[in-house]
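**Q** I have a structure here, written as structure tokens, and I will follow up with some questions on it.
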Amino acid sequence: MKRTTLAVSLAAAAASVTLATVGVGTAEAAWTVEPGKFTHTQSLVDGTLTLAITNTTTIPSGCAVSVYKASDAAAVAEMATAMNNYYGGTGTTTAITAARAKISQAQFVDLTAEDTTPAGGTETYTWNSKRADSSYTVLQNCAANDQAGTVVWGVSSYVVNGTGVSSGIGTGSLDSLLP
């Protein structure tokens, strides 16, 4: 039996399609879409966004995170729904593309883990934005798979609120010197 592979271009998924090849040389794979299997905690302090994503499945996973403007929350949520529908076999790439077109600008950053997150493990993602924004919208795209062909997908979106980089004396901003 050949190893089941899962080729995921997570950053490109937000823009177009995620390609999955599952079940090569194996029996039919078991696919599920369960965004709740990839829980997270979040913080935004002084412009640094930190996300800790926990894989609550029983198999290894990988995630990618894209960070957008907070004002794009509805469009990013629509894209997450379109992606989950696609992974679940009820959606189309056209729906993903249409949802992506509603987002006002490209993501600020894509964050991916260098390693696979083991079952029950947590991966931390950090971005020092160096921006004054006090909130961002996050698109979290996770997939877990094993050699038996079990695949668990989960795409979710959420807004992270906190504090942006403060401006003032010593920060390189002239705002504090002007009346």
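Under mature numbering (1 follows the signal peptide of the UniProt record, and there is no 0), read the sequence shown as residues -20 to -1, 1 to 159, first letter to last.
Every residue, glycine too, gets a C-beta built ideally from N, C-alpha and C.
State buried or exposed for N141, treating a residue as buried only when at least 16 other CB atoms are found within 10 Å of its CB.
**A** Along the sequence shown, one-based indexing puts residue 141 at 161. With fewer than 16 other Cβ atoms within 10 Å, it is exposed.
**Q** Return the chain-ordered ranges of every beta strand (DSSP E) run that is complete within the region 19 to 66 and spans a minimum of 3 residues.
**A** DSSP runs (the beta strand (DSSP E)) wholly in the region 19 to 66: 28 to 35, 41 to 49.
**Q** I'd like to confirm something about K17: is its beta-carbon nearer than 8 Å to some heavy atom of the ligand ZN, or not?
**A** In the structure on display, the ligand ZN does not appear, and there are no ligands present to speak of.
**Q** Using only CA atoms, which one of D52, G134, Q120, D95 lies nearest to R80?
**A** In the sequence shown, the residue the question calls residue 80 occupies position 100. The option with the nearest alpha carbon to R80 is D52.
**Q** Within the same chain, show all residues whose beta-carbon is closer than 8 Å to that of A(-10), passing over the 5 residues directly before and after it, in chain order.
**A** Indexing the sequence shown from 1 puts residue -10 at position 11. Because the pLDDT at A(-10) is just 32, under 50, the model does not fix this residue reliably, and the point stays unresolved.
**Q** Counting only the same chain and skipping the five closest in sequence on each side, list residues whose C-beta sits under 8 Å from that of V145.
**A** Position 165 of the sequence shown, counting from 1, holds the residue named residue 145. The answer, listed in chain order, is D26, G27, S109, K110, R111, A112, T151.
**Q** I'd like the span of the alpha helix (DSSP H) that includes T73, first residue to last.
**A** Position 93 of the sequence shown, counted from the first residue, corresponds to residue 73. It spans 73 to 81 - the alpha helix (DSSP H) in which T73 sits, taken as one unbroken run.
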